[in-house]
Every structure is written in structure tokens, then in C-alpha cells.
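Written out below as C-alpha cells is the structure these notes cover.
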Amino acid sequence: MKYFKLAFTSLLFFAPLVLFSCKKEQAQLPVPNAISVEITKSNHNWYYFSNTNYHQIDKPQNSPLQVPKPWTETVRISSANNEPCTQFSDSKAYAVVNRLGILSFNDDMIYLSLDTSLFTDRTAGNLVFLNNIPVYSVYKSAFFNDTILASDYKNDGAAHLFLLQFDPTAKISYPILNCNNITDKTNSEVTDFYWNGLEWCCSIKTISETKNEFSYITFKPLIPLLALSPSTAEGKIDIQECDAEYFRSCRLHYNYTNAPDRIKKLLAGFDDKLPFSIEVKNAGGSSPRVFENSVPNSTEKELNAKAILSASWSAALFEDGTLFLEGALPGKHILRSGKTVAIRLPKLPVGFVYSDFVISGTTLYAAWEESSFYKTGRAGFLQVNLERTLYSRLI
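Residues -21 to -1, 1 to 374, numbered by mature numbering (1 follows the signal peptide of the UniProt record, and there is no 0), are exactly what the sequence shown covers, in order.
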């Protein structure tokens, strides 16, 4: 991941933002007529991950050192999203914590569902929602995970887990499909998938003593997917072979000009002369889409962000901690009559980045991690009370 500073154009004069900062001495973004409000100690809390749980800490740099590992093997938030926002929902949100479990957020309440049987020695991520139920995938990496070569694992088809659902009430994960439900090739792992809301497209890696092979399939369940289990799935899935080109087309990065109008409105003042990439999720939706603004011959670093479109609000978080927010959080009025608000989260130390986020009720949760190339060291999340930060200060 890359650390960067955000820039804004003079267009902000026509669409002014309100900027909130965590520290008075921190460098301010060049936003005309910005109002600086300090995020006080009472408005936010830091947490870090150990190998067994999450723990509160005063600052990320004071969390215990972790030996950097490939991101597939590190305890970190790998994927996060909000549940669908309806009049009957509680505005809950979820995060997949690689190698650990599922975090459930309900406003300022946090619950970690540990599951060593599913998460130990597996890479977890790709959180999506199906009928308001969180669904995610797990696999073992052939590059960094020696347990994949163990004979008892290679010969046990039931051990090659793929797709799981998380029960929000029981706070337990259940397997939906194993890898052997969608391929006849032994010792295989589904290393990635894309679900467009209708069709699942999967990349499958088959590991042998001499070589590794990739194959690709699409599938559609013939009955509701959540009703399936690895033992009952046979004959209830329509599976079609495809190729790498088709899988890449599912993972296509689109031009930013094709981004949703709500995203373009949210970032209307952003300098579109700089290259950037933004991953856009629908709250409670299928796999996210990525939109890129490519600038030929640009010497600037690519900017990276995550965004969520919910029913009443939209938000985008950049890696340096700049959050754009527009709309009304659950049970609250519309912020600044629909104008965008920019919030500067606490500045992270060099080598740390913000990687993902959710908003549950009026509480923001932003994942952070110590990152260098493909390795991650320490990781955790920041909790921010937006009720105190925003609604007590804005009309």
C-alpha cells in the first residue's frame, strides 16, 4: 500500500467542505474556509490485534511489535462493509479479520467472533452480503502456508473450505461450499471470487508436488445459496468452465467517469488531474467495483480509497485518513444540507495506512495497518464517535 497526501483543486471554492482534524498542529488540507475541529481523546479509541483478540491502546505505534508477514498470513482487517440500511435494520456492520474471526459492530458496541477451526492457517476476506447475511471466503496460500502440503490436508476434501456465511444472531460461521463442490481437481483452493449479484466467478488453484495450475469456473445455485452446505450441494449448483480472460473481465477496473454519480458528487472537489483508484461497495451488496482515474505521464503516486454507498449516506476514506461524508447517518438529520463534509482522522506514523472502514449508527470504524510492499506488521482499528465529532458541531 502507498502513503500519500491528498490535494484539492480550486473548484472547492464553489463547493466548500468543512474539515475536521484530530490535532491542531497537524498539517491542514488546503480547503478554503475550512472549520477545524479537534477530535478529542473522548471522541476516539485505538485498538490493535494480537494473535488471539483485539486490545485497546493509546496509539498504534505503542502496540506490541509484530514480525512483518505476507498480508495473506497476517492478523488484519481484510474486508469490511455495512449491512443494508432499511427501516428495520440496526445499521450493523462487519469486518473479516484475517486469521482471527468476524468483528460485529453495532454503533459503539464491538463483538469479535473467534473461530480457530475456520481461520487458523487460512486467508479470509471477500465480504459480501446475500439476503442481509454476511458471506465471505477462506483459502490456504500455496506461497506462504506450509500446512497446505500436509498429506492429511491434501487428502481431506472437506478441509478445503471456500464459502462461509456468518449468522449475525448466533455469531457463528457456517460453511456453504467447499472447493470440492465446484471442482473435481484434488488439493485445490478458491483463491479469489467475484459475485455480481447473479453469478459467482471463481479462480481455483490446484497444488501438486511438481506444479500449480489455475482454472476458472462460474456457478449459480439452483436453490437459495444459503440453504446449501458442503454435504448437500451436489447436483444443486450449475457450474460452467470459463477462462482467465473471463475472470479478469469480472475483476475489471472501470474508468472513473463511469463511477456512480453519488461518488462523483462526494468527491466533486478532488483533484481529478491526479491518478487515483477507489473501491466502491454498496452497503449489504455484492462484490465491490473499482474505478480508476489514469493520468498519462503523471509522476504522482496513485491515490487509493474505499467507499460505501448506503441508503441515506455515502462515504469515502483515503489511506492518509481523509474521510469524505455526505448525507444523513441513521436517525440523524442531513449534514450541512447535503454538502460534503471532510474529516481528517488522526495522523498515522510513517509506514502505517488506513485500509478500510465502516460506519455503524454514528460510530466510524477505520482499519489501520503497518504496511510495507506485500507485508504487514501491526494492525488494528480506530473507533470514532461521529455524534460528538460532527452532529454536536454542525447544523
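Every residue gets a Cβ at the ideal spot worked out from N, C-alpha and C, and that includes glycine.
Buried versus exposed, by CB contacts within 10 Å (16 or more), residue i
i                 : result
glutamate 168     : buried
aspartate 171     : buried
glutamate 224     : exposed
aspartate 335     : buried
proline 147       : buried
isoleucine 196    : buried
leucine 44        : exposed
asparagine 111    : exposed
serine 83         : buried
phenylalanine 352 : exposed
glycine 214       : exposed
Residues near residue i by beta carbon distance below 7 Å, same chain, minus five either side
i             : result
tyrosine 173  : Cys180, Cys229, Arg230, Ser266
asparagine 30 : Val54
proline 209   : Ala137, Pro154, Leu156, Asn157, Asn160
histidine 139 : Asn157, Cys158, Asn159, Ser167, Glu168
aspartate 37  : Trp25
serine 371    : none
aspartate 69  : Asn85
Top-ranked residue by Cα proximity to residue i, from the options
i                 : options                        : result
lysine 354        : Val46, Lys38, Leu327           : Val46
leucine 246       : Phe198, Thr301, Lys71, Ser57   : Thr301
lysine 252        : Asn237, Arg241, Glu279         : Glu279
serine 92         : Ala149, Ile196, Ser293         : Ala149
lysine 311        : Ile216, Leu365, Tyr225, Ile183 : Leu365
serine 187        : Leu204, Thr165, Tyr195, Ile202 : Thr165
asparagine 41     : Ile338, Val337, Phe331, Arg372 : Phe331
serine 339        : Ser130, Glu220, Tyr90, Lys199  : Tyr90
leucine 201       : Ser182, Glu178, Asp37          : Glu178
leucine 288       : Glu298, Asp299, Gly263, Glu271 : Gly263
aspartate 87      : Phe352, Ser371, Val337         : Val337
phenylalanine 145 : Asp335, Val107, Thr236         : Val107
leucine 79        : Thr99, Asn60, Asp69, Thr236    : Thr99
tryptophan 292    : Ser194, Ile242, Trp50          : Ile242
alanine 74        : Glu52, Lys260, Ala346          : Ala346
glycine 356       : Arg372, Glu52, Asp299          : Glu52
isoleucine 216    : Asn175, Asn134, Pro203         : Pro203
glycine 222       : Gly248, Ala206, Phe193, Lys244 : A small correction: the amino acid at residue 222 is aspartate; glycine does not occupy that position in the sequence shown. Aspartate 222 has its Cα closest to that of Phe193, out of Gly248, Ala206, Phe193, Lys244.
leucine 207       : Ser371, Leu109, Asp69          : Leu109
phenylalanine 226 : Gly248, Tyr132, Asn175, Gly214 : Asn175
tryptophan 50     : Lys20, Pro39, Phe123           : Phe123
Contacting residues, own chain, Cβ-Cβ under 6 Å from residue i (five flanking each side not counted)
i              : result
residue 376    : This structure gives no information on residue 376, because the portion of the chain shown stretches from -21 to 374.
glutamate 258  : Pro267, Val269, Lys285
arginine 367   : Asn22
tyrosine 26    : Tyr33, Gln35, Gly359, Phe360
glutamine 5    : Legend: pLDDT at glutamine 5 = 38, less than 50; position of this residue unreliable, value from coordinates given subsequently. Answer for glutamine 5: Lys326, listed in chain order.
asparagine 261 : Leu288
asparagine 237 : none
glycine 104    : Ser57, Ser58, Val75
asparagine 60  : Leu106, Lys260
glutamate 220  : Ile196
threonine 341  : Leu308, Leu365, Glu366
Contact under 9 Å by Cβ, residue i with residue j
i              : j                 : result
asparagine 283 : serine 256        : yes
threonine 102  : asparagine 77     : yes
alanine 121    : leucine 156       : no
leucine 314    : phenylalanine 303 : no
threonine 189  : threonine 162     : no
valine 329     : leucine 343       : no
tyrosine 115   : isoleucine 81     : yes
glutamate 62   : lysine 71         : yes
glutamate 281  : histidine 232     : no
isoleucine 218 : phenylalanine 198 : yes
cysteine 64    : proline 239       : no
alanine 294    : glutamate 305     : yes
heavy atom of the ligand NAD below 8 Å from residue i C-beta
i           : result
alanine 290 : You won't find the ligand NAD in this model; it holds no ligand whatsoever.
Same chain, Cβ closer than 8 Å to residue i, five either side skipped, listed in chain order
i              : result
serine 273     : Asn234, Pro254
isoleucine 151 : Ser92, Asp94, Phe145
leucine 143    : Leu97, Val114, Tyr115, Ser116, Val117, Ser152, Tyr153, Pro154, Ile155
glycine 317    : Glu305, Gly306
proline 39     : Trp25, Tyr27, Leu327, Pro328, Phe331, Trp347, Glu349, Arg357, Gly359
is_contact[residue i, chain D] using C-beta, thresh 9 Å
i          : result
lysine 133 : As a matter of chain content, chain D is missing from the structure shown, which is built from one protein chain.
Output the residue ranges of the beta strand (DSSP E) runs that lie fully inside the region 179 to 253 and measure 3 residues or longer, sorted by chain position. Those beta strand (DSSP E) runs which fall completely within the region 179 to 253 and span 3+ residues are 179 to 186, 191 to 200, 216 to 221, 232 to 234.
In chain order, which beta strand (DSSP E) runs of at least 3 residues are fully inside the region 11 to 80? As far as the region 11 to 80 is concerned, its whole beta strand (DSSP E) runs of at least 3 residues are 23 to 28, 33 to 36, 56 to 61, 72 to 76.
Complete beta strand (DSSP E) runs within the region 286 to 344 (minimum length 3 residues, chain order): Every unbroken stretch of the beta strand (DSSP E) spanning 3 or more residues and falling wholly within the region 286 to 344 is given here in chain order: 292 to 297, 301 to 306, 320 to 323, 331 to 339.
Please give the ranges of any alpha helix (DSSP H) in the region 113 to 171, keeping only runs that are unbroken, at least 4 residues long and fully inside the region. Runs of the alpha helix (DSSP H) inside the region 113 to 171: 130 to 133.
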